[in-house]
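Participant: Input: one structure, supplied below.
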Amino acid sequence: MTNFAERLARVANQPEIFQQFGRGVERETLRYTVDGSIAQTPHPEALGSALTNAWITTDFAESLLEFITPVSNNVDTLMAQLADIHHFAQANIGDEKLWPLSMPCYVGSEADIQLAQYGTSNTGRMKTLYRTGLKQRYGSLMQIISGVHFNFSFPSTFWDALYGQQTEQERQASQSQAYFGLIRNYYRFGWLIPYFFGASPALCSSFIQGRETQLPFESIGKTLYLPYSTSLRLSDLGYTNDAQSSLKIGFNSLEQYLTGLNQAIRTPSELFANIGVKVDGEYRQLNSNILQIENELYAPIRPKRVAKNGEKPSEALARGGVEYIEVRSLDVNPFSPIGITEQQVRFLDLFLTWTALSDSEPMDNCELQCWRDNWSKVVLEGRKPGLELQIGCHGEKLTLTAWAKRVFSDLSLIAEQMDAACGGNAYQEVCRELASWIDHPQHTLSARLLDKTQQLGGLGKVGSYFGERYRNDNLQHAYQVYSEQKMKQEVMRSREAQLQIEQQDTQSFDAFLADYFSYLPS
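Start counting the sequence shown at 1; every next residue gets the next number (full-length UniProt numbering).
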């Protein structure tokens with residue numbers, strides 16, 4: 001294989017490949033009250049167990065819901081599943097609503113944010129303790145920023161087209177290698193995602209709460225914003241981790257990635273050691289290493305494999321290689337009642353296929369830092385006219401506009417093949433629409449949200465406006481994939497599953513943690 005065009009031809013030769021992509025969505029959203037502030041109520045019983053419900057759980061806080069779809073090969077089915085879950089949740093939280101923005105609603109103080117609770121089992125207690133550690137390390141406000149995660153995999157036929165017949169071991173190695181090539185290209189060009197779909201150019205001043213910032217904010221009432229920003233959620237103010245900036249986790253191979261990740265899990269942090277692990281009989285964090293567990297690694301994209309029972313994510317990757325990737329750079333789309341649109345899903349289909357089929361040279365730390373700098377520029381001033389991005393570490397520069405157009409010339413070729421395979425012209429329509437946003441940044445989500453914020457006089461009013469609208473939309477939605485009975489069955493099953501886990505616990509919590517972290521040096 002020599003280039004993108006040849007690889008695309010191989011895959012397009014089997015059009016059914018484009019009908020077999022695996023996709024799943026995880027959408028986070030805060031429950032909030034009539035007055036526009038974060039809900040203080042516990043996770044609603046009517047939604048089942050947050051520990052074991054397959055579709056509805058919580059993230060950091062009791063008020064931070066997370067909706068999870070199963071893997072689907074059909075875009076319409078995926079969107080319908082997510083809409084069904086939203087309908088059931090909204091119908092079972094009383095007068096509370098779902099906050100439609102990534103940046104949180106008004107928070108009076110961090111004490112208003114109640115950590116998520118998962119029952120009395122050792123597993124449930126560990127999940128809450130992990131969140132206690134996050135609160136101690138970074139504060140609670142950063143942890144209630146909401147996002148949308150997109151899980152994506154190529155079918156086995158995709159790899160057959162690229163690599164032909166292989167042994168299981170060969171396929172595992174080549175598939176992992178290809179996914180890491182995708183990840184490197186995502187770091188190189190993934191800034192397109194916040195450019196188009198970033199939707200957090202502003203935040204409530206309550207989010208700052210005394211934190212120092214050098215950013216030149218302007219204000220609309222109590223709302224702070226940057227005029228050209230796309231995604232403050234992805235900035236240093238948002239869902240990031242300064243303590244991890246020194247980590248050198250590479251993406252040139254599965255082995256390099258796992259080595260870096262395992263080192264971070266095992267490396268003590270002087271800063272976090274000052275917090276203490278168990279003080280006066282009370283746990284404050286799981287441990288005092290740079291990462292308590294692997295999930296604490298903040299990254300815009302992650303390699304993943306479904307773990308077996310009791311298996312850690314890195315153990316699953318080491319056992320079977322990369323199975324799918326998790327895109328973590330999507331802000332909640334404020335113009336959708338379910339936080340994401342079909343247009344975004346189809347763009348990700350195109351973009352992730354392109355990142356997999358395009359050449360992807362190994363990446364050293366210098367180049368990785370260069371791409372991180374580009375991301376930073378785009379999240380803070382992505383709509384600035386004439387914005388230039390670096391090309392590698394050699395001092396060359398290219399405007400965002402010119403670079404985006406180069407990428408779209410390839411994306412349009414993929415779109416033609418996908419439409420030919422799937423019927424209709426949905427992918428070409430997405431390409432045409434988003435290509436027009438390159439020259440007209442006023443059409444991007446961040447620009448439209450900023451316009452609405454200025455019109456209504458603040459972010460809180462925007463959130464309340466959309467929140468009320470989407471409450472009605474979600475309540476009026478008619479089930480398309482699931483049913484009321486199916487949703488309630490999952491609620492009952494999840495409660496019974498949590499009870500069973502709790503009854504089967506025989507270890508003390510101290511012994512459970514000691515076993516879990518037995519790989520750490522004593």
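The beta-carbon is built from N, C-alpha and C at its ideal position, and this holds for glycine as well.
Once you ignore the five residues that flank Lys405 on each side, which residues in its own chain have a CB closer than 7 Å to its CB?
Facilitator: Against the sequence shown, residue 405 aligns to sequence position 405. Excluding positions up to five away in sequence, the list reads Ile438.
Participant: Verify whether the separation of the beta carbon atoms of Val332 and Val148 is less than 7 Å.
Facilitator: Taking the first residue of the sequence shown as position 1, residue 332 is located at position 332. Taking the first residue of the sequence shown as position 1, residue 148 is located at position 148. Yes, Cβ-Cβ distance for Val332 and Val148 is below 7 Å.
Participant: Count the other C-beta atoms from every protein chain shown that fall within 10 angstroms of the C-beta of Met1, then say buried if there are 16 or more, exposed otherwise.
Facilitator: Your numbering for residue 1 matches position 1 in the sequence shown. Confidence is the limiting factor: at Met1 the pLDDT is only 44, short of 50, which leaves the residue's position unreliable, though a coordinate-based value still follows. Result: exposed.
Participant: Within 10 angstroms of the Cβ of Thr223, are there 16 or more other Cβ atoms? Answer buried if so, exposed if not.
Facilitator: To locate residue 223, count along the sequence shown from 1; it is residue 223. By the 10 Å Cβ count, Thr223 comes out buried.
Participant: Starting from Phe67 and walking both ways along the beta strand (DSSP E), at which residues does that stretch end?
Facilitator: On the sequence shown, residue 67 is found 67 positions in, with the first residue counted as 1. 64-68 is the span of the beta strand (DSSP E), which, as asked, contains Phe67.
Participant: In the DSSP output, what is Ala202 paired with across the bridge?
Facilitator: Position 202 of the sequence shown, counted from the start, is the residue given in the question as residue 202. BP columns for Ala202 point to Tyr225.
Participant: Please state whether DSSP places Ser464 in a helix, a strand or coil.
Facilitator: Within the sequence shown, residue 464 is the residue found at index 464, counting from 1. Correct three-state label for Ser464: helix.
Participant: Quick one: using the 10 Å Cβ neighbour count with 16 as the cut-off for buried, is Ser436 buried or exposed?
Facilitator: Your numbering for residue 436 matches position 436 in the sequence shown. Label assigned to Ser436: exposed.
Participant: For Ser146, I'd like the list of residues in its chain whose CB is within less than 6 Å of its CB, leaving aside the five on either flank, ordered along the chain.
Facilitator: Translated into positions along the sequence shown, residue 146 becomes position 146. So the qualifying residues of the chain are Glu28, Thr29, Ser102, Val332.
Participant: Terminal residues of the continuous beta strand (DSSP E) containing Gln390?
Facilitator: Here residue 390 is taken as the residue at index 390 of the sequence shown, counted from 1. Residues 388-391.
Participant: Tell me whether His43 is buried or exposed, calling it buried when 16 or more other Cβ atoms sit within 10 Å of its Cβ.
Facilitator: By 1-based counting over the sequence shown, the position of residue 43 is 43. Result: buried.
Participant: Assign His86 to one of three DSSP states: helix, strand, or coil.
Facilitator: One-based indexing of the sequence shown puts residue 86 at position 86. Three-state DSSP puts His86 in a helix.
Participant: May I have the straight-line CA-CA distance separating Ala299 from Arg328, to the nearest angstrom?
Facilitator: As a first step, residue 299 must be located in the sequence shown, where it is residue number 299. As a first step, residue 328 must be located in the sequence shown, where it is residue number 328. Looking at the two C-alpha atoms, the distance is approximately 7 Å.
Participant: Which residue marks the beginning of the beta strand (DSSP E) containing Ile301, and which one marks its end?
Facilitator: What you label residue 301 is simply residue 301 of the sequence shown in a count that begins at 1. 301-304 is the extent of the beta strand (DSSP E) around Ile301.
Participant: Return yes when the Cβ of Asn185 is within less than 7 Å of the Cβ of Ser412, no when it is not.
Facilitator: The residue labelled residue 412 in the question sits at position 412 within the sequence shown. The residue labelled residue 185 in the question sits at position 185 within the sequence shown. No, they are not a contact pair.
Participant: What residues in its chain sit with their C-beta under 6 Å from that of Gly505, if we drop five residues either side in the sequence?
Facilitator: For the purposes of this step, residue 505 is identified with residue 505 of the sequence shown, where counting begins at 1. Here residue 505 turns out to be Asp, not Gly, going by the sequence shown. Excluding residues within five positions, the ones whose Cβ falls inside 6 Å are Ser121, Asn122.
Participant: For Ser153, which residues does DSSP report across the bridge?
Facilitator: Residue numbering aside, residue 153 sits at position 153 when the sequence shown is read from its first letter. Bridge partners of Ser153: Gly22.
Participant: Reducing DSSP to helix, strand and coil, say where Glu110 ends up.
Facilitator: On the sequence shown, residue 110 is found 110 positions in, with the first residue counted as 1. Three-state result, Glu110: helix.
Participant: Between the alpha carbons of Gln507 and Gly181, how many angstroms are there, rounded?
Facilitator: The residue you call residue 507 lines up with position 507 of the sequence shown. The residue you call residue 181 lines up with position 181 of the sequence shown. So the alpha carbons of these two residues sit roughly 43 Å apart.
Participant: Relative to the C-alpha of Gln81, which candidate in Gln90, Ala89, Pro70 has its C-alpha closest?
Facilitator: Indexing the sequence shown from 1 puts residue 81 at position 81. Among Gln90, Ala89, Pro70, the Cα nearest to that of Gln81 is on Pro70.
Participant: What would DSSP say about Ile193, mapped onto helix, strand or coil?
Facilitator: If you number the sequence shown from 1, residue 193 lands on position 193. Reduced to three states, the DSSP call for Ile193 is helix.
Participant: Closest to Gln390 by C-alpha separation, out of Phe408, Glu367, Asn295, would be which residue?
Facilitator: Along the sequence shown, read from residue 1 onward, the residue named residue 390 stands at position 390. Checking every option, the nearest Cα to that of Gln390 belongs to Glu367.
Participant: Under 7 Å, do Phe189 and Val378 count as touching if we go by C-beta distance?
Facilitator: Mapped onto the sequence shown, residue 189 falls at position 189. Mapped onto the sequence shown, residue 378 falls at position 378. No.
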